[in-house]
Amino acid sequence: MNSQALAYTPEVERETAAIRERLSIVVDEKKWRIAAPYVAEINRLKREKNAIILAHNYQPSDIYFGVADVTGDSLKLAQEAAKTTADVIVQAGVYFMAETAKVLNPHKTVLIPDMHAGCSLADSITAADIALLRQKYPGVPVVSYVNTSAEVKAASDVCVTSGNAIKIVKAMNVPKLIFLPDEYLAKYVASQCPETEIIAWKGHCEVHELFTPEYIREIRAEHPGVVVLAHPECAPDVLAESDFVGSTAQMQDYVTDKHPPRVVLITECSMSDNVYAENPDLEFIKPCQLCPHMQLMTLPKILHSLQTMTHEVKIEKAIQEKALLSIQKMLDLSK
Ligand code: 13P
Ligand code: SF4
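Read the sequence shown against my numbering and you will find it ends at 938, with the numbers running on by one and no gaps.
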């Protein structure tokens with residue numbers, strides 16, 4: 604990778620002034636002078652290559668505000684990937700998200716700036732595990748969280764995200780289903796869909812499983828009146844201590860709509876910066892749990908990715924076609 608730092612010139616300053624304004628509350632001047640030349644160059648290259656950058660809500664603010672064309676939760680990123688007319692899609696997020704974009708756009712170039720951006724949930728299950736589950740529970744449909752590999756999606760009946768899981772399980776209207784790989788999300792969905800028996804897998808998110816009910820009680824004691832929003836990948840006893848449960852986008856919408864004066868987002872903590880930058884009048888208590896995979900994305904790596912067109916996501920045609928059916932079913936059911 605080109606290790607030579609780019610210069611913060613008056614031209615860069617001028618070109619990036621509007622972006623600087625939006626994130627000034629979360630990125631200090633010293634950091635911005637390093638980031639801005641990358642922001643300017645990445646945005647120039649995107650135009651040259653007809654590329655777009657999809658950035659998940661957990662991305663660092665310089666990426667989220669500086670170079671992303673679409674920001675959102677896994678559902679929105681998938682919906683936008685399905686609609687884009689760009690030739691090149693760069694995923695600022697983790698590998699399963701880039702794979703989802705590729706499944707939806709088999710003829711486009713999909714790039715992930717760091718191939719090691721994995722996910723503990725995606726790593727917790729394989730297509731062979733699903734084959735065994737189908738043997739054990741014949742005829743029971745398999746619902747997979749999007750935090751899975753393309754092979755697992757291909758072996759499933761439908762995908763869900765944290766933003767639409769309840770809606771899709773209700774729409775399926777079946778007495779029993781297998782929900783994988785996130786045990787806690789499965790339990791949360793089961794609590795909201797009592798008419799369906801849910802068989803769960805034992806996968807966990809390595810970030811959300813770190814939160815405890817004691818931690819939330821401490822936050823409440825130290826910050827009276829705080830509103831606690833939690834991601835459904837947290838354990839049931841953590842969700843029981845929270846005021847609202849939702850996907851990253853649903854938490855963001857809650858803050859924007861209800862404007863709680865003091866709030867804590869029980870999720871990956873980069874998101875707090877991004878939501879705070881857009882709601883600077885609110886007090887954010889910041890739980891510092893970072894996803895090591897999400898944090899592998901950096902501006903220099905995104906620039907390198909666009910310059911060299913690496914690392915390209917490839918999926919075998921038979922897998923892509925089957926995974927597309929599960930993702931498309933999700934997109935249709937979540938309309
Ligand atoms: P969302 O779909 O809620 O953004 O979640 C994705 C994720 O990886 C959460 O850890
Ligand atoms: Fe996976 Fe958890 Fe990281 Fe989300 S936060 S990408 S679920 S490891």
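Glycine included, every Cβ here is placed at the ideal spot set by N, Cα and C.
Terminal residues of the beta strand (DSSP E) in which residue i lies
i	result
A748	Sequence inspection shows Tyr at residue 748; the Ala mentioned does not correspond to that position. Note, Y748: beta strand (DSSP E), 745–748.
V763	761–763
L959	This structure does not reach residue 959, given that the chain is present from 604 up to 938, and the question cannot be answered.
Host alpha helix (DSSP H) of residue i (start-end)
i	result
T687	Premise fails: T687 is in no alpha helix (DSSP H) and is neither H nor E.
A939	Since the first residue of the chain shown is 604 and the last is 938, residue 939 is not available in this structure.
I622	620–626
Cβ-Cβ distance between residue i and residue j below 8 Å
i	j	result
S664	V630	yes
E786	A774	no
L724	N708	no
V746	L736	no
Y667	A658	yes
P864	K790	no
V763	I771	yes
V848	A833	yes
D690	T674	no
G696	L714	no
A701	V916	yes
L928	L648	no
Which listed residue (the options) has its alpha carbon closest to that of residue i
i	options	result
R918	I822, A757, I888	Correcting the residue type first, residue 918 is Ile in the shown sequence and not Arg. When each option's Cα is compared against that of I918, the closest is A757.
F699	V691, H710, H719, K711	H719
K920	I715, V673, A753	A753
Y879	V858, S908, C891	V858
T687	C796, E812, H710	H710
I656	C894, Q694, E800, D726	Q694
E651	Y818, K861, M912	M912
I733	I869, Y661, V755, P716	V755
I822	F887, K779, D726	F887
Those residues which DSSP pairs with residue i across a bridge
i	result
K779	E800
F668	Note: F668 sits in no beta bridge, so no partner.
E915	L714
A695	A658
T674	A658
Threshold first: 3 residues or longer. Then list the beta strand (DSSP E) segments lying entirely within the segment 702–737, N to C.
712–714
Q: Mind listing, in chain order, the continuous alpha helix (DSSP H) runs of no fewer than 4 residues lying wholly within the segment 826–870?
A: 839–843, 851–861
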